[in-house]
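Chemist: Just so you know, the sequences run in chain order A and B. According to full-length UniProt numbering, numbering within the first sequence proceeds without interruption in unit steps and concludes at 208. According to full-length UniProt numbering, numbering within the second sequence proceeds without interruption in unit steps and concludes at 261.
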Amino acid sequence: MGEEVKLLGLKRSPYSCRVEIALKVKGIEYEFIEEDLSNKSPMLLEYNSVHKKVPVLVHNGRAIAESLVILEYIDETWKDTPILPRDPYDRAMARFWVKFIDEKALHPSIDCTHSVYKACTTQDEEVIEEAYGDVEFLETELNDKRFFSGESIGLVNIVVNFVGLWLGVIQEVRGVELLNKEKFPKLCGWVDEFLGSSIVRESLPSRE
Amino acid sequence: MGVKFGPVLYIVPGDICSSTCFLTFPGFLCPSISCVSVTVTMAEEVVLLDFWPSMFGMRARLALAEKGIQYEYKEEDLVGGKSQLLLKMNPVQKKIPVLIHNGIPVSESLIVVQYIDEAWSERYQLLPSDPYQRARARFWADFIDKKVWTSGHQVRSSKGAEQEAAKVEFMDSLKLLEGELGDKPYFGGQNFGFLDIAFIPFYGWFHTYETFGNFSIEASCPKLIAWAKRCMERESVLKTLPQQHKIYDFVLHVNKMFGLH
C-alpha cells in the first residue's frame, strides 16, 4: 500500500498554499480536499479538533496541523529536495524569519503587531512606518540572494509567498502601495523571480 | 592536519602530524615526526541574554542545563531598560531570550531550544526522533504559546468579565494539554523532552495566575500538577525555575511600579 497523503485546505489561504508548494517541490502525490470554513467537514473537526483550522496534512491516517509544523514534518519525512537548510544556525534563521513573517504580516487574529496587514488597511502614519521597518528587515535579509536562504526555494520563500501574491492583491484592492520598487528593489525582484517559478505558479490561486 | 586535543589544534608550520598521535599534549614534541602540536583551547562561547522571571528564558536555561552546556548568564533588566547588547543581538524583536553562540545570536525561545538540540546533537536528545512525534511536540509547544500564554496573561492583567473569559480559556487549554500528557510520565514519554521544557516554566507562574484569578489549577488538572512535581525532581528544573512566590512578588512589584491594579 502506497503512502496515503491528504491535505485539507483552502485554495485562497496562504497557509494552505505553502503546504501545497512544499508537497509539489518534493514531488509528493496527495489528495487535496477543499474545506468550506463556514461549514466545516466532520473530517476536519476530527483531524484538527484543537484549532478546527486548515491546513491539515493527513499521512497514512495520522493528522498534523499548523502549517509550519506540517512543513517541518514534510521535510523530515520525505528527505529529497530539502526545504530547510542542514546547518543548525541556518535552520534557526529560517525558522526565525518564518515566524517573523507570520507575526508581522499574516496574523490578524492574534493581538500582536501584524504590521504589514494593518498597514494595508489603515491611513495611520505610525502603522505604515512600522510596516516599512519590518519590510526593511526582509529586504536586508534577502540581500543579494536570488531567494531567501540561497538559490533554491526553501522554507522561508515558501512562507513568504504571502508577500508575493497576497500583498499585491491587498495593495491593489486597498489602493495602498507598500512594496514599491524604489524603496525595496531587492524584495520586488524576489517577488518576480518567485512568482516566475512554475511550481509556485501552479500552487497559488489566481489574483481574482 | 593533526589530531584533536581539546576543541582546536594548530600545527606549528612545517610538518604533518601522524594521525595516530592521539596522545599529543600542548607543546609535546613528537619524536617520530618533527612537529609541535599546540593546543589552543578556544572553548565554545555561549552567552544567554535573559530575564529571571521569563518563562521563555527558562526554556533556554533548561535546554542548556539538560545538555550540560556551560554558559554565561547575562541578566537583562527589562523593567529598567534594554541593554545595547540585546538591541544589537536581537534588533528585530528586541526580546529575550537570546542565545549567543560564538558571537552569533539566536532568538525566539522555541527556536533557541531546537537550535541547542541540533547544535549539540551528540548530547541528550530533546526532541523525539520520529517525525510524527516531533510534529506533535512542536504542535503542542505552539499551542502553549498561542493559547496558554495569552490567556494566562489575560488572567493576571484583566478584571471582571474579561478575566472570567480568560480563566475559562486558560483552564480549557490546560485540560487539553493534560489530555496530551495522558498517562505518560512526561510529555516526551519516558524521557523529559522538548514539550516538557516548553511547558514546565509556566508552573513557576501557576501561583500567580491562581491568586490573581482566584481559582485552583490542581482541582481541575491534577495530572498536570503531578507531572510538574515530577519535573521539579530533575536537577535542571529545580535549579532553573524560580520559586512561585518570587514570581508573584515580582508581578506585584511591577504592577505597583506602573500603577496597575
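Think of the CB as a built atom: it goes at the ideal place given N, C-alpha and C, for glycine as much as any other residue.
1) Y132 of chain B CB to nearest chain A CB: under 8 Å?
2) Does any CB atom of chain A fall closer than 8 Å to the CB of V106 of chain B?
3) Identify every residue that forms a DSSP beta bridge with E34 of chain A.
4) What does DSSP give as the partner residues of residue 216 of chain A in its beta bridges?
5) Let me know the secondary structure DSSP gives S107 of chain B once reduced to three states.
6) For a quick check, are the C-beta atoms of V56 of chain A and L8 of chain A less than 8 Å apart?
7) Counting along the chain, where does the alpha helix (DSSP H) carrying E72 of chain A start and finish?
8) Do I96 of chain B and L49 of chain B have their C-beta atoms closer together than 8 Å?
9) At least one CB of chain B closer than 8 Å to the CB of R62 of chain A: is that the case?
10) Below 8 Å between beta carbons: does that hold for V58 of chain A and L44 of chain A?
11) Sort B:K167, B:I247, B:E162 by Cα distance to F202 of chain B and report the nearest one.
12) Is the shortest distance between the beta-carbon of V155 of chain B and the beta-carbons of chain A less than 8 Å?
13) Could you name the residues of chain A that I111 of chain B contacts, counting a contact when the two beta carbons are closer than 8 Å?
14) Which chain B residues sit within Cβ distance under 7 Å of E66 of chain A?
15) Can you confirm whether V47 of chain B, when its beta carbon is compared against all beta carbons of chain A, has any partner nearer than 8 Å?
16) At 7 Å on the CB atoms, spell out the chain B contacts of P88 of chain A, in chain order.
17) For chain A, check one thing: does any of its Cβ atoms lie closer than 8 Å to the Cβ of V92 of chain B?
18) Which runs of the beta strand (DSSP E) at least 3 residues long sit entirely within the UniProt domain "GST N-terminal" (44-124) of chain B? Give them in chain order.
19) Starting from the C-beta of A22 of chain A, find all residues in its chain whose C-beta is less than 7 Å away, skip the five residues before and the five after it, and write them out in chain order.
20) Mind checking whether the beta-carbon of L10 of chain A lies closer than 7 Å to any heavy atom of the ligand FAD?
21) Within 10 Å of its beta-carbon, does G213 of chain B have 16 or more other beta-carbons around it, so buried, or fewer, so exposed?
22) Can you name the start and end residues of the alpha helix (DSSP H) that T150 of chain B belongs to?
23) Just confirm the distance between the C-beta atoms of V155 of chain B and L174 of chain B, as a whole number of angstroms; I'd bet it's less than 8 Å.
24) Here's the rule I'm using: 16 or more other beta-carbon atoms within 10 Å means buried, otherwise exposed. How should E29 of chain A be labelled?
25) I want to know whether the stretch 54-63 of chain B touches the stretch 190-209 of chain B - three or more CB-CB distances under 8 Å.
26) Between T81 of chain A and chain B, is any beta-carbon pair separated by less than 8 Å?
27) Hey, quick one: how far does the alpha helix (DSSP H) through E233 of chain B stretch, first residue to last?
28) P242 of chain B and Y52 of chain B - do their beta-carbons sit closer together than 8 Å?
29) If I follow the unbroken alpha helix (DSSP H) through S216 of chain B, where does it start and stop?
30) How should H253 of chain B be labelled, buried or exposed, when 16 other C-beta atoms within 10 angstroms of its C-beta is the threshold for buried?
31) Who are the Cβ neighbours of K67 of chain B in its own chain at under 7 Å, not counting the five residues just before and after it?
32) Smallest Cα separation from W227 of chain B: which of B:G193, B:Y186, B:S107, B:S220?
33) Cβ of Y30 of chain A less than 8 Å from any chain B Cβ?
34) Would you grab the beta carbon distance between E45 of chain B and N90 of chain B for me? Rounded to a whole angstrom, and I think it's under 8 Å.
35) For D102 of chain A and P14 of chain A, what's the separation of their Cα atoms in angstroms?
36) Between the stretch 31-49 of chain A and the stretch 85-95 of chain A, can you find at least three pairs of beta-carbon atoms closer than 8 Å?
Modeler: So, to answer that:
1) For the purposes of this step, residue 132 of chain B is identified with residue 132 of the second sequence, where counting begins at 1. It does; some Cβ of chain A falls within 8 Å.
2) Counting from one through the second sequence, the residue named residue 106 of chain B turns up at place 106. Cβ-Cβ to chain A under 8 Å: yes for V106 of chain B.
3) As a position in the first sequence, residue 34 of chain A is number 34, starting the count at 1. For E34 of chain A, which the question treats as bridged, DSSP gives the partners A:G9.
4) Look at the range of chain A in this structure, 1 to 208, and you will see that residue 216 of chain A is not part of it.
5) In the second sequence, residue 107 of chain B corresponds to position 107, counting from 1. Looking at S107 of chain B - three-state DSSP - the assignment turns out to be strand.
6) Numbered from its first residue, the first sequence carries residue 56 of chain A at position 56. Numbered from its first residue, the first sequence carries residue 8 of chain A at position 8. With a cutoff of 8 Å on beta-carbon distance, V56 of chain A and L8 of chain A are scored as near each other.
7) Position 72 of the first sequence, counting from 1, holds the residue named residue 72 of chain A. Taken as a continuous stretch (DSSP letters only), the alpha helix (DSSP H) holding E72 of chain A covers 67-77.
8) The residue given as residue 96 of chain B occupies position 96 in the second sequence. The residue given as residue 49 of chain B occupies position 49 in the second sequence. When the beta-carbon positions are compared, I96 of chain B and L49 of chain B come within less than 8 Å of each other.
9) Here the question's residue 62 of chain A lines up with position 62 in the first sequence. Proximity of R62 of chain A to chain B, defined by a Cβ-Cβ separation below 8 Å, is satisfied.
10) The residue labelled residue 58 of chain A in the question sits at position 58 within the first sequence. The residue labelled residue 44 of chain A in the question sits at position 44 within the first sequence. In terms of Cβ geometry, V58 of chain A and L44 of chain A do not form a close pair [threshold 8 Å].
11) As a working mapping, residue 202 of chain B is identified with position 202 in the second sequence. Distance from the Cα of F202 of chain B is smallest, within the candidate group B:K167, B:I247, B:E162, for B:I247.
12) Within the second sequence, numbered from 1, the residue matching residue 155 of chain B stands at position 155. No, no contact with chain A.
13) The residue you call residue 111 of chain B lines up with position 111 of the second sequence. Within chain A, the residues near I111 of chain B are A92, R95, F96, K99.
14) Here residue 66 of chain A is taken as the residue at index 66 of the first sequence, counted from 1. Within 7 Å Cβ-Cβ: F139, D142.
15) On the second sequence, residue 47 of chain B is found 47 positions in, with the first residue counted as 1. Chain A has no Cβ within less than 8 Å of the Cβ of V47 of chain B.
16) Within the first sequence, the letter at position 88 stands for residue 88 of chain A. Under the 7 Å cutoff, chain B gives Y115, E118, A119.
17) Residue 92 of chain B sits at position 92 when you count from the first residue of the second sequence. Using a CB distance cut-off of 8 Å, V92 of chain B counts as an interface residue toward chain A.
18) 46-50, 72-75, 98-101, 104-107, all fully within the UniProt domain "GST N-terminal" (44-124) of chain B.
19) Numbered from 1 along the first sequence, position 22 holds the residue referred to as residue 22 of chain A. L71, I74, I83, I158, listed in sequence order.
20) Among the ligands in the structure shown, none appear at all, so the ligand FAD cannot be discussed.
21) Working through the second sequence from its first residue, we reach residue 213 of chain B at position 213. When all chains shown are included, G213 of chain B counts as buried.
22) Here the question's residue 150 of chain B lines up with position 150 in the second sequence. For T150 of chain B, the uninterrupted alpha helix (DSSP H) segment begins and ends at 149-157.
23) If you number the second sequence from 1, residue 155 of chain B lands on position 155. If you number the second sequence from 1, residue 174 of chain B lands on position 174. Rounded to whole angstroms, the Cβ separation of V155 of chain B and L174 of chain B is 11 Å, and the two are not in contact under 8 Å.
24) Here residue 29 of chain A refers to the residue found at position 29 when the first sequence is read from its first residue. Burial call: exposed.
25) Touching, per the Cβ criterion.
26) In the first sequence, residue 81 of chain A corresponds to position 81, counting from 1. The beta carbon of T81 of chain A sits no closer than 8 Å to any beta carbon of chain B.
27) In the second sequence, residue 233 of chain B corresponds to position 233, counting from 1. That residue, E233 of chain B, is in no alpha helix (DSSP H); it is neither H nor E in DSSP.
28) Taking the second sequence and counting its residues from 1, one reaches residue 52 of chain B at position 52. Taking the second sequence and counting its residues from 1, one reaches residue 242 of chain B at position 242. It is worth fixing the name first, because residue 52 of chain B is Trp in this sequence and not Tyr. The criterion of a C-beta distance shorter than 8 Å is satisfied by W52 of chain B and P242 of chain B.
29) On the second sequence, position 216 is the one that residue 216 of chain B refers to. Segment: none, S216 of chain B is in no alpha helix (DSSP H) and carries neither H nor E.
30) Within the second sequence, the letter at position 253 stands for residue 253 of chain B. It is exposed - the Cβ of H253 of chain B has fewer than 16 other Cβ atoms within 10 Å.
31) As a working note, residue 67 of chain B is residue 67 in the second sequence. Correct list, in chain order: I116, W120, R123, Y124.
32) Against the second sequence, residue 227 of chain B aligns to sequence position 227. That would be B:Y186, whose Cα lies nearest to the Cα of W227 of chain B.
33) As a working mapping, residue 30 of chain A is identified with position 30 in the first sequence. It does not; no Cβ of chain B falls within 8 Å.
34) Numbered from its first residue, the second sequence carries residue 45 of chain B at position 45. Numbered from its first residue, the second sequence carries residue 90 of chain B at position 90. Incorrect: roughly 17 Å between the Cβ atoms, too far for contact.
35) Position 102 of the first sequence, counted from the first residue, corresponds to residue 102 of chain A. Position 14 of the first sequence, counted from the first residue, corresponds to residue 14 of chain A. Computed Cα separation, rounded: 10 Å.
36) No contact exists between the stretch 85-95 of chain A and the stretch 31-49 of chain A.
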